[in-house]
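Using full-length UniProt numbering, the letters of the sequence shown map in sequence onto residues 1 to 91. For each residue, glycine too, the CB sits at the ideal point set by N, CA and C. This one's a predicted model, so the numbers in the text were calculated from it and none came from an experiment. Structure record follows, encoded as structure tokens.
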Amino acid sequence: MHDLTGFQRDLLYVITGADRPSGQTVKDEVEKYYSSEINHGRLYPNLDTLVNKELVEKGQLDRRTNYYAITDAGRERIEERREWESQYVDF
């Protein structure tokens with residue numbers, strides 16, 4: 001995860017917590033957390049980065065709508081990050 005931006009990590013977490021969300025669904029969830037509007041020019045290039053790094057899979061729901069799903073590599077990266085965080089944060 002060290003090579004991802006915080007925004008990309010947030011996208012990865014949102015995708016992991018949903019069942020094949022569309023880009024719009026991911027956008028809506030991230031906007032709730034950030035309490036501000038996320039424009040398409042920021043969202044989709046970052047989703048494409050996650051796809052290119054093979055952390056997320058992109059597919060089609062219909063001719064106009066894509067979905068995103070976590071890959072095994074993406075899940076492993078999240079697990080590694082959580083293990084690293086747990087060394088420093090224990091509630």
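Taking all protein chains shown into account, K32 has fewer than 16 neighbouring C-beta atoms within 10 Å of its C-beta and is therefore exposed.
Shown here for N46: same chain residues with a beta carbon closer than 8 Å to its own, the five before and five after excluded, namely T5, F7, Q8, L11 in chain order. Per DSSP, Y44 is one residue of the alpha helix (DSSP H) stretching across 40-52.
Rounded to the nearest angstrom, the Cβ distance from A69 to E85 is 23 Å, too far for a contact under 8 Å. Nearest in C-alpha terms to T16, of all of Q87, Y88, T71, is T71.
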